[in-house]
Amino acid sequence: MADNIDMTDEAPPPDEVSRSEVSLATDVMLAMVKTTKGLRMYQANNSVLEKFFQDLSEKVSAMLDQYGQYRLDVDRFELKYKGHQVYENSDPKDSIAFRMYSDGIRSVIFKKGLCDWELKEFLDIVNMNSSSSLDDDIVTRFWDVGLPHFAYILEEDYHEIDRQIDEHLPGSSPLANLTSSQLRELATNAVGLADIPDHLITLSEDDAAALKGLVEAEEQFQPLEATARILSAIVSGVAEDELFTKFLNIYLKLAGNLFVSGESRVALKMFAFLQRRGTATEPSETRKQELLLALGRLWSDDVLKGFSSAIDTGSVISPDELKSLSILIGRSTPAALCQLLGQVENMKMRKVLLDTTADFARERPQILLPFLKDSRWFVVRNMVFLLSQIRSTDLLDQVVALITHREIRVRKEVLRYLLSVPDPKAKPYILRFLRDETPSMRIMAVQLMGRARLHIALNPLLDFVASEVFEDMDIAVKKAVYEAIADIGAEKTLPVFKTMLTKKFHFQRARERDAVICAAAALPKIPGDEPLKMLSEALKSKTREHHDVLISAIDRIGKPKPADALAGQEN
Numbered sequence: 000m001a002d003n004i005d006m007t008d009e010a011p012p013p014d015e016v017s018r019s020e021v022s023l024a025t026d027v028m029l030a031m032v033k034t035t036k037g038l039r040m041y042q043a044n045n046s047v048l049e050k051f052f053q054d055l056s057e058k059v060s061a062m063l064d065q066y067g068q069y070r071l072d073v074d075r076f077e078l079k080y081k082g083h084q085v086y087e088n089s090d091p092k093d094s095i096a097f098r099m100y101s102d103g104i105r106s107v108i109f110k111k112g113l114c115d116w117e118l119k120e121f122l123d124i125v126n127m128n129s130s131s132s133l134d135d136d137i138v139t140r141f142w143d144v145g146l147p148h149f150a151y152i153l154e155e156d157y158h159e160i161d162r163q164i165d166e167h168l169p170g171s172s173p174l175a176n177l178t179s180s181q182l183r184e185l186a187t188n189a190v191g192l193a194d195i196p197d198h199l200i201t202l203s204e205d206d207a208a209a210l211k212g213l214v215e216a217e218e219q220f221q222p223l224e225a226t227a228r229i230l231s232a233i234v235s236g237v238a239e240d241e242l243f244t245k246f247l248n249i250y251l252k253l254a255g256n257l258f259v260s261g262e263s264r265v266a267l268k269m270f271a272f273l274q275r276r277g278t279a280t281e282p283s284e285t286r287k288q289e290l291l292l293a294l295g296r297l298w299s300d301d302v303l304k305g306f307s308s309a310i311d312t313g314s315v316i317s318p319d320e321l322k323s324l325s326i327l328i329g330r331s332t333p334a335a336l337c338q339l340l341g342q343v344e345n346m347k348m349r350k351v352l353l354d355t356t357a358d359f360a361r362e363r364p365q366i367l368l369p370f371l372k373d374s375r376w377f378v379v380r381n382m383v384f385l386l387s388q389i390r391s392t393d394l395l396d397q398v399v400a401l402i403t404h405r406e407i408r409v410r411k412e413v414l415r416y417l418l419s420v421p422d423p424k425a426k427p428y429i430l431r432f433l434r435d436e437t438p439s440m441r442i443m444a445v446q447l448m449g450r451a452r453l454h455i456a457l458n459p460l461l462d463f464v465a466s467e468v469f470e471d472m473d474i475a476v477k478k479a480v481y482e483a484i485a486d487i488g489a490e491k492t493l494p495v496f497k498t499m500l501t502k503k504f505h506f507q508r509a510r511e512r513d514a515v516i517c518a519a520a521a522l523p524k525i526p527g528d529e530p531l532k533m534l535s536e537a538l539k540s541k542t543r544e545h546h547d548v549l550i551s552a553i554d555r556i557g558k559p560k561p562a563d564a565l566a567g568q569e570n
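The end of the sequence shown is residue 570 by numbering that gives the first Met the number 0, with every number in the run present.
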């Protein structure tokens, strides 16, 4: 059931509460309910929740400044301010009133001087979704926190007041004839609850200052960094080899756990320390070797996953810091860089890792080999991209095996690789893409062949267009193939296109249309006057259905259409 805030004008009690005071008290309650619900819906640092709390804080301050205190009397499902209902919710699972009433609270009082932290503590305690509220009742938590400007009255406090009233009233107790609200009014008037001093300080000023300094020092103390420093000192100074190995393993386990748990800043410092020790002059060669081997053991799958998450946030480590760190990682465990490339999603950070990995792969391309068989397609693509960057053919056979990879983005990267490497042995493999299962892949392959002027591809392309397989291909693929033939063969291919424009296709209008379209697409790529002449003659000889294609090709050459050709259009 929703929380109900009563906005009606009730008859005021005998002490005449002003309408403006009731209105302000109701506004405070509205803001309190909204903020309590916000605590269940949003994270603590959410801007919407912060706005809710700021609004509540301002209204509570206004109430306390004007009226000195804000007292709410608690019934089973409602809260009242000086007899006026300001809150009602009959759902026991969601009612703030029921929550406090069930724990014996009958009144709560907010006093002037209330701080924001006290208000937040109050909301946290009465919040139904608070995890800590499962451990203790509300009264216990109020008592533990100790809010200086907040008080509460329990049911047993009223019983004690009743007892005192009975002792001062003659005859039989009249309390049985009084309503609960009359008893509450009697209690308020009969017994004044004295304010207990907020703090009892018995220390001198010097003692208090010294104690404050100790507290501040303790608050600034970073136990993780202190532990790391202690272990670093032990690893640096221990003389016995057996102890050195034991503490080194402890050091590695702590650093790895910090990466996994998200404490990457401390873990990165620990890693940098081990790297420095492994290259320093003091340790023996045996210990240097042990340190370097330890660095390799650090980067387990879980550690790399934690580290990649830290990298993706962009707040733990900057690109420049990652560059320096990735160089250190590459020196001891270059394979870890390849694994990070498969996990880091931040594009800027991935670029840093790609550049660093390329530097190491240039000297040792074999470090990429295991990842060319990775089940994650984007990891495989990254490895092929790196091989393209360094133009290495050391792993050519393994890359060629990826020409039939199930992921088209991997196949595209393989095609770029085969075109980019200078080794002539790589070029014939490009022709395999002519039979790729995806039309867009075939088009891309022939377009890149044409742009690269790949002369070894000319004869295979001419053989390809004469095959039965080519005849059944999409017109877009056919156009791309003939354009590549024109790019590569130039003037040598003019007879091919002349045949396409002059050949008679008896009762094969679709084949004739495709031949005209492909020739018109390819001829503008060939220099000289002959292409224009061939197109103009075709314009006169071909039927009207082919004229638009031929005129468009003539326009692409950039020369005016011949007058006799234009005249031929009227026939």
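For each residue, glycine too, the CB sits at the ideal point set by N, CA and C.
Exposure label - residue 143; buried when at least 16 CB within 10 Å = exposed
Could you tell me how far apart the beta carbons of residue 496 and residue 533 are, in whole angstroms, since I believe they sit closer than 8 angstroms?
-> 7 angstroms
Does the distance from the CB of residue 392 to the CB of residue 420 come in under 7 angstroms?
-> yes
Relative to the C-alpha of residue 298, which residue among 272, 339 and 531 is closest?
-> 339
Flag this pair as touching only if the segment 104-118 and the segment 80-96 have three or more C-beta atom pairs under 8 angstroms; answer yes or no.
-> no
Per DSSP, what kind of secondary structure is residue 215 in: helix, strand or coil?
-> helix
Put residue 129 into one of helix, strand or coil per three-state DSSP.
-> Confidence is the limiting factor: at residue 129 the pLDDT is only 47, short of 50, which leaves the residue's position unreliable and the question unanswerable from this model.
Would you mind stating whether residue 150 and residue 108 have Cβ atoms separated by less than 7 angstroms?
-> yes
Alpha carbon to alpha carbon, what distance is there between residue 446 and residue 479?
-> 6 angstroms
Flag this pair as yes or no: are the beta carbons of residue 531 and residue 538 separated by less than 7 angstroms?
-> no
Look at residue 378 and residue 412 and say whether their C-beta atoms are less than 7 angstroms apart.
-> no
Taking the runs of the beta strand (DSSP E) that are 3 residues or longer, which of them lie wholly in the segment 30-85?
-> 68-73 and 77-80
Anticipated Cβ contact below 8 angstroms, residue 58 with residue 96, distance rounded = So it is not a contact: roughly 19 angstroms between Cβ atoms.
Alpha carbon of residue 130 to alpha carbon of residue 346, nearest angstrom = In this prediction, residue 130 scores a pLDDT of 46, lower than 50, which makes its location untrustworthy; no coordinate-derived value is stated.
State the Cα-Cα distance for the pair residue 574 and residue 373, rounded to the nearest angstrom.
-> Only positions 0 to 570 of the chain appear in this structure, which leaves residue 574 out of reach.
Can you give the beta carbon distance from residue 397 to residue 368, rounded, assuming they're within the 8 angstroms contact cut?
-> 6 angstroms
For the alpha helix (DSSP H) that contains residue 336, what are its first and last residues?
-> 333-340
Sheet register partners of residue 262 (DSSP bridge) | DSSP lists no partner for residue 262.
Integer Cβ distance of residue 571 from residue 394, believed to fall under 8 angstroms = Because residue 571 is not part of the residues shown, which for the chain are 0 to 570, the question remains open.
Under the three-state reduction of DSSP, which class applies to residue 451: helix, strand or coil?
-> coil
Just tell me which of 281, 228, 284 and 285 has its CA closest to the CA of residue 266.
-> 228
Check whether the Cβ of residue 143 lies closer than 6 angstroms to any heavy atom of the ligand FMN, and answer yes or no.
-> Among the ligands in the structure shown, none appear at all, so the ligand FMN cannot be discussed.
Buried versus exposed, by CB contacts within 10 Å (16 or more), residue 454 = exposed
Pull up the DSSP beta-bridge partners for residue 106, would you.
-> 72 and 152
Cα-Cα separation, residue 450 to residue 442 = 12 angstroms
Proximity of residue 86 and residue 28 at Cβ, strictly below 7 angstroms = yes
Give me the Cβ distance between residue 259 and residue 246, rounded to the nearest whole Å; I'm assuming they're in contact under 8 angstroms.
-> About 20 angstroms separates the two Cβ atoms, so there is no contact after all.
Straight-line Cα distance separating residue 355 from residue 475 = 40 angstroms
Under 7 angstroms Cβ to Cβ from residue 483, same chain only, skipping five residues before and after it: list those, please.
-> 445, 446, 448, 449 and 460
Taking DSSP as the reference, what is the three-state secondary structure of residue 281?
-> coil
Rounded C-alpha distance that separates residue 211 from residue 205 = 10 angstroms
Bounding residues of the alpha helix (DSSP H) (the contiguous stretch that carries residue 475) | 474-488
State the CB to CB distance for the pair residue 489 and residue 521, rounded to an integer number of angstroms; the pair is presumed to be in contact (CB under 8 angstroms).
-> With 8 angstroms as the limit, residue 489 and residue 521 do not qualify as a contact, their Cβ atoms being about 11 angstroms apart.
Determine the closest residue to residue 435 out of 336, 426 and 468, with distance taken between C-alpha atoms.
-> 468
Under 7 angstroms between C-beta atoms of residue 315 and residue 309 | yes
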